[in-house]
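Engineer: The structure under discussion is supplied below as C-alpha cells; questions concerning it will follow.
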Amino acid sequence: MAREIGEPGVAKSSTTKKHKRRKSKKEIKTRTVHANILYDQAKGGDNPNRHYANNKIKTTKYTLLSFIPKNLFEQFHRFANVYFVFIALLNFVPVVNAFQPELALAPVVFILSVTAIKDLWEDYRRHRSDKEINHMDCLVYSRSERQYLECYWKEVCVGDFIRLRCNEILPADVLLLSSSDPDRLCHIETATLDGETNLKQRQVVRSFIDLDTEFDPLKYNSVIECEKPNNDLNRFRGYITHRNGRRDGLYKENLLLRGCTIRNTEEAVGIVIYAGHETKAMLNNSGPRYKRSKLERQMNVDVFWCVVILLVMCLFSAIGHGLWMFQYGDKRPVFDVLSPEGTDLSPVVSAIYLFLTMIIVFQVLIPISLFVSIEIVKICQVYFIHQDADLYDEETDSHLQCRALNITEDLGQMQYIFSDKTGTLTENKMVFRRCIVAGVEYSHDANARRLAMYQEVDSEEDEGLSRGGTLPRKESLTSQHSGGKAVLRSQSTKSHRRTGSRAEAKRASILSKHTAFSSPMEKDITPDPQLRDKVNDCGSQMEFMRFHNQLLSQISPDLQDVFDFFIALTICNTVVVSSPNQPRQKVRRFELKSPVKTIEDFIKRFTPSRLTSASSSSSSTSLATNRSSSHRACSSLLSSPSAESTLARLEEERGATPGIRGALGTTPACPHAGGSVAGGSDEGELRYEAESPDEAALVYAARAYKCSLVGRLADQVTIELPHVGRLSFELLHTLAFDSTRKRMSVVVRNPLTEQITVYTKGADSVIMDLIRPPAADDSKGKRQRKILFKTQNYLNLYGMDGLRTLCIAKRVLSKEQYASWLRRHLEAETAIQGREELLFESALRLETDLHLLGATGIEDRLQDGVPETIAALRRAGLQIWVLTGDKQETAINIAYACKLLDPEEEIITLNADSQEACAVLLDESLHYIQAKFLCSSSADPCAAGVFQPDYATLQFHAPPTSSGTAGPVVVHRLGLVIDGRTLAYALDKSLEDKFLAVARSCRSVLCCRSTPLQKSMVVKLVRDKLKVMTLAIGDGANDVSMIQVADVGVGISGQEGMQAVMASDFALPRFQYLQKLLLVHGHWCYSRLANMILYFFYKNAMFVALIFWYQFYCGFSGSAMIDQWYLIFFNLMFSAFPQLITGTLDKDVSADTLQELPQLYMNGQNSEEYKPYMFWMNMIDAFYQSLVCFFIPYFAYADSDVDLFTWGTPITTLALLTILLHLGIETKTWTWMNWASIAFSIVLFFMVAMCYNASCPTCYSPSNPYWTMQRLLGDPLFYLMCVITPIAALLPRYFYRACQGSLFPSPVQVGRQLDKVPLGLRRHLVNQRTAHRTPLYPLGPPFLKGCSSKITDPYSSNPKQKAQAASPICLKSMEMKDTPGSSKNPVNHLEHHDELSLPSSEIIWLTSTPLMPQMECVQLISPPSGASPGVTYQKNQESLDCPQQNILKQTCGERLSDSPDSQ
Amino acid sequence: MMASSYNIKEEDGHHSGSSGPGGNAVRTKKPDNTAFKQQRLPAWQPIITAGTVLPAFFIIGLIFIPIGIGLYVTSNNIKEFEIDYTGIDISSPCFNCSQSYSWNTTTSCTCSIPFSLDQPFESNVFMYYGLSNFYQNHRRYVKSRDDSQLNGNLDSLKAPSKECEPYRINENMPIAPCGAIANSMFNDTLDLFYIDPNGTRTPIPLMKTGIAWWTDKHVKFRNPGGSSSNLTAVFYGTTKPLSWPKPVYELDTDPENNGFVNEDLIVWMRTAALPTFRKLYRIIQKKNSLTPTLPRGNYTLDIVYNYPVRSFDGRKRMILSTISWMGGKNPFLGIAYISVGSVCFFLGVVLLFIHHKYGNRNNSSDIPN
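This is the structure in C-alpha cells:
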C-alpha cells in the first residue's frame, strides 16, 4: 500500500473514515496502537490496545500444575519411552507378567524422572531469569500522576509512554517519539540482538522532530498503524496518523528494539508498540534446534535390528514353549502350574502368552539407558570441548561455544567443508593497500613494507615457510621485471600471518574491548608520496583558487579527480566518528538538520536566500564551538518548515536553478588555517566505527592523506582537507549498501561547488557497468576511455593479487535531475508496501551515468594458520569448497594463498552465460576429466611429465555432445572455479547431477560471486545428492542459510555480527580452531560415542542372551535365573558408570598425534569405528560370551543341588565381570577414573547384592534370595568360576585385537603407537611421513599426478574471438579469463586496444601475488550464443604464440542484458 | 609442531595477560588449564599387539593348567554312587510301583533295590535323591509359593498369597503350605541297609537334619506361633496340599523338624536351577576314623514309592556321594581350566610366532616408513 503523499488538503473527517474502513479491512495484517493514557479511566474496557500481549515474559514451559502431565507428554514423544512404558504396563497383566509389576516400572520411572528433573531445573532457571527480567525498572508515564513513574517491566503495556535514560535497556519495542539529542537521534547498541557493537542511530518519528519543547504525552493523540509482530529485525513499517489527518511513515529507524541499550542519549521518550513476547527480540529467540547426528541415525537402524532380534528370540521361545507343552500331551506334569483361574491352557495359548512374557524378560535388549547415557556423554563432551584452552581466543576473550548439544560426534565424520571466505578464511580486517586514481596507480610501497613488517613480527618462529609476503614494491612503474616467475612462484607460498603481533593485538583489544574499532594496523597507513604530493597540490590549488574567487571547476581534471576521490573515500560511507576519551560520545554536532526527507525540505534548503545565510553562518559557528561547547550550537538555524511548500512550488523553482547555482557559489569558506591545525592535533584521536571494515579502511586511508572525516551527522558530514580546512557537506541522502546492488551512494551538496553530487562506491563489476560511456572522440573522451581501460587493467591485477577492489565514482546532478529523482524517491520512502523494491529502483535510477574517479585495493589478510589448517583438513580427507561473494580473481588468489588451490593442479574455470552453455561446459569438463584421467591412469604417467608444459591452456567451445553423467568418484588434482551466474545455471535441476559429477572429481571447488541462497543450495545439493556429511562455516549474515542447511553449521564469532553464530551449531573464534575441533574433538567424540554405542549393544545382547540360553533348560517358560532386581538394575547401576567414563574420557589417539596425522580423521569419515557389520560382530561376540558365561556355571553346577538363584547370581557376577573386562579391552586410555569406575562398579554390585540378600527373608518373591550372596562368597567354586569365565569369554576378542594390532593395524592403532614414541622422534617420523606423502591409508585417494593429455579433439576449430563484438561498454563485463599462471596481460577488446594496451612485461610484475607458472589451466568459456560448437584444445606452446587471442575471452553479449539498470 | 606452538601461545597469553594494563582486573573466560579439563589426565595407554599381550597368554596358560589338574584330581577323589530307581525297565524291582502309582493313589508301594559298593566311602556320605526332567524352574512353578506363610506369618497362613493360585485354597480352607512347589513335594522314602556278608540287614542311620541351609531353617522358615506351640492347633483351619498324604504338621515326629521347618520341605522349597537336579536327602555321618562310613559290600535301598514321574518322563535316582572343599564330584572345572590354559598357551605360541614374524615391522620399521 503505497502511501500517497502531499494530500494535506483532504478533509480530516474523510481521512479518518477512510482510515477506519481500511483498518477494518486489513485488521488481520496490521496492528493499531493508541496511547494508553487516553483510555486510562476505562482501563481494560474500550482500550483498543487491550488485546495486545503485555510486557510480561514467560519463557518457562511449565507451571507447577502442568509440569508433570506436560513433561510426561513431551517425553512420550520419544518412541523409546513409549516402548518402555508399554513393557512396564504389560507387566501388570497377570498372565504374562514376568517381574513384579512395581519393580518393572522402576527403570522407566528412573529414566523419566532423570529427564524430568533436568527439564525442571532448566525451567526453573528460565523462570528465575524471567522473574529478574520482569522486575527490571523503567519509567512509564502515568496519567494520574502526570509524570513518569518507576514501573516493573512486566507492567508495561502496548501504548504506554516510556522514558528511557542513557545506558538503560529497552523493555519493549518502542517507537521513538522524542530524544534529548539535538538531532533528535537516539543511539542504541544492538549487541544483544546481533552482536554488532557499533552504535546505531535511531531517529525520532518525523512529525515529532521539529518539536522544540519537551514531548508531552498528554498532547499526544495520534494513532499508529503498523505491522503485526514479526521477527524481522531489519524491517518495520507503518505510519502514524495525527489528529489533524497528517500521516507520516514509520521505519525501522524509528523503532527501538527490546534488549538494546540506549547510548549517548540523555533521554528519550517513546511509545510501546510491541511488548513482551511480541517484541522482535523475543520472536527471534528460537530455542536450540534438534539435529540428529549421523551416528545416531545409524544407531537407530541397529536399535531396529535389536527389536528384530528381540522378536525373533521371543518367537523362538514362544514356539519352543508351545512344543514343550505339546510333548506332554494330556499328562500334565506337576510343575506345569495351571493358570490362576485353574484353567488348563492349550499349548498355543500359552505360547502366545509366553511371547509377551518374553518381550518383558528380554526388554533389556533394547537399551533403555542407552538414550540417557548418550545424552550424558554428549553433555560431558560438550563440556570438554568448551573447556579446551586451545580453542580459546585470548584477543576476543571468547571460546568455542557449542550451541547444539547433540551432534558433537558429527564433527568427526565430516566429508565436505563449505567455507565462506571473507571473515572466515580471512580476518575481515581490511587494510588499505593501493589505489588507482584517474587511471594512475599508486602502489603505496611504504604501506606494503609496513604490512610486511607486521607480518614479520608475527611469523618469526615460522621459518619453515618462505616469507615473501606482500613484498613491497620496490621498482617503479617502468622498471623491467626479469625472472618474474621464480620470484612470484616463491611468493605463492608466503605465509599469511595474522595481522600484527599478538602483543599488539592484545593492546588493541584492551583499548577497545568489545568495540568495533580497528586495529592499529588498519589505521596507520603510510601514504604514497606521489599521491600525497598530488593531494597537497590539489589542496593548495583549490585554496588558491578559492582565495582568488576563481571557479573551482577550473582545476585540471586529474586533480579534480584526486580531490573527488578523497572526498568520496571520506564521506561515502556510514562511518560514525567518536572521540576516544569518551567512547561513543559524538564529537560535535555542527548543525541540526536531517537529510532531505520531504519535498518541502528540499525546497526550503534550495531556496537561495535562505541557504546562503544559513550555511555560511552554520559552518563558521560550528568551528567556533567546535571543541568547547557541549550544548547545542546554532541549533535551529533553519526556520520552521514552510507551510505553503508544495510540489507545485517545486516546479516553479526549477526554472530558477541557474540562480541557485550562482547563489551557491558563495559558499562557506572555513577559516581553514585554524581549522586544519586544530584538526591535525585532533586527528589522531578520532575513532571511526564502521559497519563494514572496508569502510573504515578507506576512511583511514583518506586520513593518511590528511583528508579526514571529522564528524558525521544524519544530515551532514564534516571533513577536513589539507589546505582547505574543514568542510561541511550537506548529506542529502544515503543509499545504503545492499548485496544486490553491491554499492552504496551518498548524495551530498558540495560546499565548494554547490553541486549536488552523488558519490558511489561499490564492487568494480557493477560500478564499471554504470560508468557513463565516454563521449565519442574528443580529447576528453579519449582520456576517459584511457582511464577506464587502465583502471580496469589494474583492477584485474588487484584481483589477481587477492585484493578486494572497490570502485569510486561520482555523478553530478543538475537540480532538475535531482528534483525529479527526489520526488520519486520520496514516494518510495513513504510507501508502506513494497517499499524496499521501490527504494531499490529509486537507487538504481540515481546510480547511473557515473564518472569514474578511481579504485581502491584493500587487502583482507588471511587469518592466522589458515593455510596450515586447510592443508591439514585436506590431508584429513575433507573436501573443502569455498563459497564466496567475492570476484573471481580475488577469490582465486585468496584460494592460492590459503593453499586451497595448489599450484600443481589444474583449474577448470566455468563461466557460462546461459543454461545451454553451462550444460555444454559441464559436459566438456566431464569429458576432459575422464579423458585426462583415463590417460593418466593408464600406463604412461610419465608422458605427462615429459609434456608437462608451463601452460596448457585448453579451451572448450561447447560442442553439443553430451555424455553420461557417470561421475568419476576419484578425486583428481583438479580445481574447479565457478562463478555465481554459472552456478545458478548449474544448480538447475537438469544440470545439477553433471555439476556434481564434475565438482566431486575436483579436489577443490571455488564458487565466486555466489549469493547466500546459492551457497545454501550448493550445500544442500551436495548433502542430499552425494549423501555426505557437510559442514558449513561462515561468519556473516550471508552465510546463515548455508550454516542452517549443513549437517553441522559453524559460525565464526568474528567481527561481522552474531547472526552466523546464532544460526550455528558451534561458534569458533577463529577459523584455525576448526582443525582441532574436527581433527581432535570430532575424532574423539565420534570414536568415543561409536564405541560406546557398540558396547551398549554388546552389553545388552550379552546379558539378555544369558536368559535366552536358559530358556532351553526351563521349558521355554520365561523363567530367569537372574534375580529380577539384578536384571533391571544391571544396566542402570552396575555396568553404567565405567562406560560413561570411557565414553567421556577415552582417547584413542592423543591430541598431538591427531593433529600431526590428519589422515586419522578418515577413520570417522569412513565410519570405521562403527560399521554396520560391526554391530553384528558385536552381537556374535555377545552371544559367544554369554554362552561361555552361561555354560561354565551350567556345567560346573550340572546335576547338583544348586537352586535357581544360587546358580543365577554367579552368572550375573560373571556377566558383570566379563562386561567390565570387555570394556577394559576396548578402553584405550586408562586414567584413574577408569580404574575407579570399574572398581566402583564391582564393589557396588557386591555391596548391593549383600545388602539385598540380607535385608529381608520373606520378601522379593519369587527369588527370595536370602543369604545367597553371602553363601556364594564362601564357596570356592564361585571364585574359580569368576577367574575362568571372563578369561574364556574374552579370549577370542583379546586374541583378535592382538592379531589385528600386529598384522593389520588400523591407522588409528598406528597413531596410538606413535603416541608412545618420544616427542622428538615422533615429530621426526611424522614429518618424514608427510614429506613423502606416504598415505597412511592404503585405500586413500590416489593422488594421480596430473598429466596433460594429448587428446585430439575432432571439433578443434577456430575460437570465435573475432566474432565477438567489441563495444566499449563491454568493458564492464569483461571477464579476465587469464589465469594467474599465464604471463599475458589481459587485454580487452576496446577499439584502440593496440594503442592503449600496456606492454605485457610491464604488467606482469605489477601483480605481487604468486602467479602459478607451472599451473596447467583449463578454461571453459562458453562462446557467445550462436557460436558454432567446437573445442579448441591447445598446447601451451601454441598458446604462447597467440596469447592474446587464446587467453582473453569476452562474454559480454548476454551480460549486458542482465544488468538491472538497463531499463 | 602443533603442540609446541600451542604451548607458546599459552605462555604468551599468560604473560601478556598478567603484565598488560589491567590484565589482572579483567576476568577472562579462559578455561582453566587443569589436566582434567584439558583432557590430559595421566593415563596408561595399553596397546594391544601380539608383543604386548604375549606374556599374558603364557602366564594365564601356566597358571590355569596346574589349577585345572588340581581340580581334576580333587574331583576324581570324590566317591559317588548313583542308582536309578525309577522303574522304567521291566526288570527293575520298582517297575510295578512306577506303573501303578499316580498322585491320587493312597496306598503306598514299596520296592527295594540291591546294590553293592566297590570302594568304601570314607568320610561323611551325603545321600541325595535326584530327579530328571523335572522343571522346578518353570516360571509359574517358581512363583507358586508364599514366603511369608512359610515364615510363620499367621495372616498369610490363613490367607495365602495370590501367587499360590491355583494351590491356594481347597474346600474353602487355605492350604498350608500353599503353592505348586509345596504341592509337588518329593515324598518317596528311602532307606539304606547294609547287607552283611552273612546276610543280615543292618539299617544305616540317616541324619534327617542338617541338610538344609542354616539360614533357611532358622530364618526363612518358621512355624506359625513359634516353635514351642502345638502345631496341630496352629495349623487348625488350614488344609494339606492336595497331593500330600498327610498335613504339614505330621511330616515328622520331631517337633524341631516338623511343620514348616521340616528340612525335607525346606530343601524341596529351594527350587532347583536345572531340570536335572539332585537334592540332599540324608547325611550318613562318619562314625569314627577307623571304620569307613560305608564299607565295601552289598546294600539294599528300600523305597516307599510315592512320587510319580512317568507323566513327564522323569527319572528318580538315589545318589551317595562324599564331598570335597569344592563340592560334589564334577570334573568339569578341572577340565575347563586345563583346556582354557592350554588354549591360552597355544594362542601364546601363535602370538609369539606373529610377533616374531611381523612384530618388528610394526614397532620399528613401519612407523618411520
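Protein chains in written order, with numbering that gives the first Met the number 0: chain A, 0 to 1462; chain B, 0 to 368. For every residue, glycine included, the Cβ atom is placed at its ideal position computed from N, Cα and C.
Within 10 Å of its beta-carbon, does A/C897 have 16 or more other beta-carbons around it, so buried, or fewer, so exposed?
Structural biologist: Counting from 1 along the first sequence, the entry for residue 897 of chain A is found at position 898. So A/C897 ends up on the buried side.
Engineer: State whether the segment 841-855 of chain A contacts the segment 1034-1053 of chain A, with contact taken as three or more CB pairs (one from each stretch) at a distance under 8 angstroms.
Structural biologist: Flag = no, the segment 841-855 of chain A and the segment 1034-1053 of chain A do not touch.
Engineer: Using only the alpha-carbon positions, how far apart do A/P940 and A/V997 sit?
Structural biologist: Translated into positions along the first sequence, residue 940 of chain A becomes position 941. Translated into positions along the first sequence, residue 997 of chain A becomes position 998. Confidence at A/P940 is low in this model, with a pLDDT of 36, below 50, so its placement is unreliable and the value that follows should be read with caution. C-alpha separation (whole angstroms): 22 angstroms.
Engineer: Taking B/P254 as the reference, give the member of B/A271, B/P223, B/F276 and B/L153 with the closest Cα.
Structural biologist: Mapped onto the second sequence, residue 254 of chain B falls at position 255. Of B/A271, B/P223, B/F276 and B/L153, the residue nearest in Cα terms is B/P223.
Engineer: Which complete alpha helix (DSSP H) runs does the segment 756-813 of chain A hold, if anything under 4 residues is left out?
Structural biologist: DSSP runs (the alpha helix (DSSP H)) wholly in the segment 756-813 of chain A: 763-769 and 778-800.
Engineer: Under the three-state reduction of DSSP, which class applies to A/H320: helix, strand or coil?
Structural biologist: Here residue 320 of chain A refers to the residue found at position 321 when the first sequence is read from its first residue. Here A/H320 sits in helix by DSSP.
Engineer: Closer than 8 angstroms by beta-carbon distance: list the chain A residues that pair up with B/H137, in chain order.
Structural biologist: Taking the first residue of the second sequence as position 1, residue 137 of chain B is located at position 138. Simply F334, D335, V336, C1113, G1114, S1116 and S1118.
Engineer: Where in the segment 1159-1193 of chain A do unbroken runs of the alpha helix (DSSP H), each at least 4 residues long, occur, reported from the N-terminal end onward?
Structural biologist: If we require 4 residues or more, the alpha helix (DSSP H) runs fully inside the segment 1159-1193 of chain A come out as 1161-1164.
Engineer: How is the alpha helix (DSSP H) around B/T51 delimited, first residue to last?
Structural biologist: As a working note, residue 51 of chain B is residue 52 in the second sequence. Residues A49 to N76.
Engineer: Measure from the alpha carbon of A/N263 to the alpha carbon of each residue in A/S338, A/H186 and A/F334, then state which is nearest.
Structural biologist: The residue labelled residue 263 of chain A in the question sits at position 264 within the first sequence. Of A/S338, A/H186 and A/F334, the residue nearest in Cα terms is A/H186.
Engineer: Answer with buried or exposed for A/G1273, where buried requires no fewer than 16 other C-beta atoms within 10 angstroms of its C-beta.
Structural biologist: Reading the first sequence from its first residue, position 1274 is the one you call residue 1273 of chain A. A/G1273 should be labelled exposed.
Engineer: Going by alpha carbons, who is nearest to A/I977 out of A/C1006, A/L986 and A/S813?
Structural biologist: By one-based count along the first sequence, residue 977 of chain A stands at place 978. Nearest C-alpha to A/I977: A/C1006.
Engineer: How about A/I318: is its C-beta nearer than 8 angstroms to some C-beta of chain B?
Structural biologist: Residue numbering aside, residue 318 of chain A sits at position 319 when the first sequence is read from its first letter. No, A/I318 does not count as interfacial toward chain B.
Engineer: Buried or exposed, going by whether 16 or more other CB atoms sit within 10 Å of the CB of A/M1375?
Structural biologist: By one-based count along the first sequence, residue 1375 of chain A stands at place 1376. Residue placement at A/M1375 is poorly supported in this model, since its pLDDT is 34, which falls under 50; the coordinates still yield a value, given next. Buried, by the Cβ-count rule.
Engineer: So is B/K239 in contact with chain A if we call contact Cβ pairs under 8 angstroms?
Structural biologist: Taking the second sequence and counting its residues from 1, the one referred to as residue 239 of chain B is at position 240. No, no contact with chain A.
Engineer: Residues in the same chain with beta-carbon distance under 7 angstroms from A/F370, minus the five sequence neighbours each way, listed in chain order, please.
Structural biologist: Here residue 370 of chain A is taken as the residue at index 371 of the first sequence, counted from 1. Closer than 7 angstroms at the Cβ level, and outside the excluded window around A/F370, lie A79.
Engineer: Taking the runs of the alpha helix (DSSP H) that are 4 residues or longer, which of them lie wholly in the segment 199-277 of chain B?
Structural biologist: Taking only runs of at least 4 residues, the alpha helix (DSSP H) segments lying wholly in the segment 199-277 of chain B are 230-233 and 262-268.
Engineer: My parser needs the beta strand (DSSP E) runs of 3 or more residues fully inside the segment 833-920 of chain A; what are they?
Structural biologist: Fully enclosed beta strand (DSSP E) runs of 3 or longer: 850-861, 878-882 and 905-910.
Engineer: Which residues in chain B have a C-beta closer than 7 angstroms to the C-beta of A/W1206? List them in chain order.
Structural biologist: Stepping through the first sequence from its first residue, residue 1206 of chain A is reached at position 1207. In chain order: A272.
Engineer: Can A/V865 and A/F1070 be called in contact, C-beta distance under 8 angstroms?
Structural biologist: By one-based count along the first sequence, residue 865 of chain A stands at place 866. By one-based count along the first sequence, residue 1070 of chain A stands at place 1071. Yes; because the gap between Cβ atoms is below 8 angstroms, this pair is in contact.
Engineer: Can you tell me whether A/H671 is buried or exposed? The criterion is at least 16 other CB atoms within 10 Å of its CB, across all chains shown.
Structural biologist: Counted from its first residue, the first sequence places residue 671 of chain A at position 672. Confidence is the limiting factor: at A/H671 the pLDDT is only 38, short of 50, which leaves the residue's position unreliable and the question unanswerable from this model.
Engineer: Are the Cβ atoms of A/G1081 and A/M298 separated by less than 8 angstroms?
Structural biologist: Mapped onto the first sequence, residue 1081 of chain A falls at position 1082. Mapped onto the first sequence, residue 298 of chain A falls at position 299. For A/G1081 and A/M298, no; Cβs fall outside 8 angstroms.
Engineer: Specify whether the segment 296-309 of chain B and the segment 151-169 of chain B touch according to this definition: at least 3 beta carbon pairs, one from each stretch, less than 8 angstroms apart.
Structural biologist: In short, these stretches do not touch, since the Cβ pair count stays below three.
Engineer: Can you check whether the C-beta of A/W1108 is within less than 8 angstroms of a C-beta belonging to chain B?
Structural biologist: Indexing the first sequence from 1 puts residue 1108 of chain A at position 1109. Answer no: the Cβ-Cβ gap between A/W1108 and chain B never drops below 8 angstroms.
Engineer: Would A/L294 and A/Y1183 qualify as a contact pair, given that the criterion is a beta-carbon distance under 8 angstroms?
Structural biologist: As a position in the first sequence, residue 294 of chain A is number 295, starting the count at 1. As a position in the first sequence, residue 1183 of chain A is number 1184, starting the count at 1. Taking 8 angstroms as the Cβ cut-off, A/L294 and A/Y1183 do not qualify as a contacting pair.
Engineer: Roughly how many angstroms lie between the CA atoms of A/Q1449 and A/D912, to the nearest whole one?
Structural biologist: As a first step, residue 1449 of chain A must be located in the first sequence, where it is residue number 1450. As a first step, residue 912 of chain A must be located in the first sequence, where it is residue number 913. In this prediction, A/Q1449 has a pLDDT of 34, which is less than 50 and means its spatial position is unreliable; what the coordinates show is noted afterwards. So the two alpha carbons sit approximately 11 angstroms from each other.
Engineer: By alpha-carbon positions, which one of A/H1221, A/L734, A/N1162 and A/S1305 ends up nearest to A/A1288?
Structural biologist: Here residue 1288 of chain A is taken as the residue at index 1289 of the first sequence, counted from 1. For A/A1288, the nearest C-alpha among the options comes from A/H1221.
Engineer: Within this structure, are the beta carbons of A/L364 and A/V1103 separated by less than 8 angstroms?
Structural biologist: By one-based count along the first sequence, residue 364 of chain A stands at place 365. By one-based count along the first sequence, residue 1103 of chain A stands at place 1104. Their beta carbons are under 8 angstroms apart, which means A/L364 touches A/V1103 by this criterion.
Engineer: I think B/Y298 touches B/F114, with their Cβ atoms under 8 angstroms apart; what is that distance to the nearest whole Å?
Structural biologist: For the purposes of this step, residue 298 of chain B is taken as residue 299 along the second sequence, with counting starting at 1. For the purposes of this step, residue 114 of chain B is taken as residue 115 along the second sequence, with counting starting at 1. The Cβ separation is near 6 angstroms, so the contact holds.
Engineer: What three-state label does DSSP hand A/N53 in the structure shown?
Structural biologist: As a position in the first sequence, residue 53 of chain A is number 54, starting the count at 1. A/N53: coil per DSSP, three-state reduction.
Engineer: Which value, in whole angstroms, describes the spacing of the CA atoms of A/T1477 and A/P346?
Structural biologist: Absent from the structure is residue 1477 of chain A, since the part of chain A shown begins at 0 and ends at 1462.
Engineer: Using the C-alpha atoms, what's the distance from B/G258 back to B/T275?
Structural biologist: Within the second sequence, the letter at position 276 stands for residue 275 of chain B. Within the second sequence, the letter at position 259 stands for residue 258 of chain B. Rounded to whole angstroms, B/T275 to B/G258 spans 27 angstroms at the Cα level.
Engineer: For the segment 1110-1126 of chain A and the segment 1196-1214 of chain A, state whether three or more C-beta atom pairs, one from each stretch, are separated by less than 8 angstroms.
Structural biologist: Yes, the segment 1110-1126 of chain A touches the segment 1196-1214 of chain A.
Engineer: Along the segment 295-307 of chain B, where does the CB come closer than 8 angstroms to a CB of chain A? Name the residues.
Structural biologist: Listed by position, the residues of the segment 295-307 of chain B near chain A (Cβ gap below 8 angstroms) amount to none.
Engineer: Would A/I1476 and A/A567 qualify as a contact pair, given that the criterion is a beta-carbon distance under 8 angstroms?
Structural biologist: Beyond the ends of chain A as shown, which are 0 and 1462, falls residue 1476 of chain A; an answer cannot be given.
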